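Chemist: Take a look at this one; I'll ask things after.
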Amino acid sequence: MKLDKIFHFLLPKDRKFFPLFSEASANLVNCSIEFQELLNCHDEEKRSEHVKNVKKYEKIGDRITVTIYDELNSTFITPFDREDIQKLANRIDNVVDLVNTSAKRIQLYKLIEIPPVFYKMSALLIEASKEIDAVVQGLNKIHDIANYKEHCIRISELENESDALNFSYLSEIFDQETNAISLIKKRDVLNSLEKAMDCCEDVADVLNTILVKYA
Numbered sequence: 011m012k013l014d015k016i017f018h019f020l021l022p023k024d025r026k027f028f029p030l031f032s033e034a035s036a037n038l039v040n041c042s043i044e045f046q047e048l049l050n051c052h053d054e055e056k057r058s059e060h061v062k063n064v065k066k067y068e069k070i071g072d073r074i075t076v077t078i079y080d081e082l083n084s085t086f087i088t089p090f091d092r093e094d095i096q097k098l099a100n101r102i103d104n105v106v107d108l109v110n111t112s113a114k115r116i117q118l119y120k121l122i123e124i125p126p127v128f129y130k131m132s133a134l135l136i137e138a139s140k141e142i143d144a145v146v147q148g149l150n151k152i153h154d155i156a157n158y159k160e161h162c163i164r165i166s167e168l169e170n171e172s173d174a175l176n177f178s179y180l181s182e183i184f185d186q187e188t189n190a191i192s193l194i195k196k197r198d199v200l201n202s203l204e205k206a207m208d209c210c211e212d213v214a215d216v217l218n219t220i221l222v223k224y225a
């Protein structure tokens, strides 16, 4: 057994960071699902409620991130590298922020008709969020951590799918959309969704770094 693994087995069980990261990844999943419910809602008043709910998840994510930073500043021994803890907290928070941005843009732009590509991007976002959550829930199982690498690979595949959807839809609306304002609105929402998927891959990169270090 490697010395670093022996060291981690001898460490006291972490009761701070793993629960906080589990809360953060679960919050990300809930936020992504709420965004999909927003897309599926055609009632303007109810849609506003979904936007508010997405914002609530964004605030929860901010609170968790701040708590992780505070714990990091006050904890001498951490379950894995301090830099990785900071990056992971930041990257997960970035995804939630961009989901919130997408929701706000839909409300701001008063998009009545939701393009089919938004539903597809939302489905990819939910799946990527669940893959992130699956890895995060296993971070405290050092001896089994290598079993979670497939989830990181899947997140990268999902991000590639989102890239393809993005390019395809942009080509379509630039060819077919005659209303310049409508084009800009749709492009902006799609852009924030694509950035959210990019950030999911950023999360996967950090997780993969952790997996490599402790596998």
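The opening residue of the sequence shown carries number 11 in the working numbering; numbering runs sequentially from there. Glycine residues also receive a C-beta, built at the ideal position from the N, C-alpha and C atoms. It should be emphasised that the depicted structure is a prediction, and the values quoted were computed from it without experimental measurement.
Do you know how far the Cα of Tyr224 is from the Cα of Lys15?
Modeler: For Lys15, the pLDDT reaches just 48, beneath the cut-off of 50, and the residue's location in the model is therefore unreliable, leaving the point undetermined.
Chemist: Pick helix, strand or coil for Tyr119, following the three-state DSSP scheme.
Modeler: coil
Chemist: What did DSSP end up calling Leu149 once you bin it into helix, strand or coil?
Modeler: Correct three-state label for Leu149: coil.
Chemist: Rounded to whole angstroms, what is the Cα-Cα separation between Phe177 and Asn201?
Modeler: One C-alpha to the other measures close to 11 Å.
Chemist: Secondary structure at Pro126, three-state DSSP: helix, strand or coil?
Modeler: helix
Chemist: Helix, strand or coil for Asp80? Go by DSSP, reduced to three states.
Modeler: helix
Chemist: Mapping the DSSP letters down to three states, classify Asn157 as helix, strand or coil.
Modeler: helix
Chemist: Looking at C-alpha atoms only, which residue of Glu171, Ala138, Asp173 is the closest neighbour of Glu160?
Modeler: Glu160 has its Cα closest to that of Ala138, out of Glu171, Ala138, Asp173.
Chemist: DSSP three-state label for His52, please.
Modeler: coil
Chemist: Would you decide whether Thr111 is buried or exposed? Buried here means 16 or more other CB atoms lie within 10 Å of its CB.
Modeler: buried
Chemist: From Ala156 to Gln186, what does the alpha carbon distance come to, in whole angstroms?
Modeler: 47 Å
Chemist: What are the boundary residues of the alpha helix (DSSP H) that Asp198 is part of?
Modeler: 190 to 224
Chemist: Would the stretch 33 to 43 and the stretch 124 to 140 be scored as touching if the rule is three or more Cβ pairs under 8 Å?
Modeler: yes
Chemist: So what does DSSP say about Ile43, is it helix, strand or coil?
Modeler: helix
Chemist: Out of curiosity, what's the CA-to-CA distance linking Val109 and Lys205?
Modeler: 9 Å
Chemist: What separation, rounded to the nearest whole angstrom, lies between the Cα atoms of Phe128 and Asp72?
Modeler: 25 Å
Chemist: Hey, Val213 and Ile74 are a contact pair by Cβ (cut 8 Å); roughly how many whole angstroms apart?
Modeler: Not confirmed; about 14 Å, so no contact.
Chemist: Buried or exposed for Ala99, please, with buried defined as at least 16 other CB atoms from any protein chain shown within 10 angstroms of its CB.
Modeler: Residue environment analysis places Ala99 among the buried positions, since at least 16 neighbouring C-beta atoms fall within 10 angstroms of its C-beta.
Chemist: Cα-Cα, which of Ser35, Glu93, Thr88, Lys130 is closest to Asn50?
Modeler: Comparing alpha carbon positions, the residue from Ser35, Glu93, Thr88, Lys130 closest to Asn50 is Lys130.
Chemist: For Leu20, collect the residues of the same chain with a Cβ closer than 7 Å to its Cβ; drop the 5 residues on either side in sequence, then sort them by chain order.
Modeler: Unreliable positioning characterises Leu20 in this predicted model, as indicated by a pLDDT of 35, which lies under 50. A coordinate reading is not provided.
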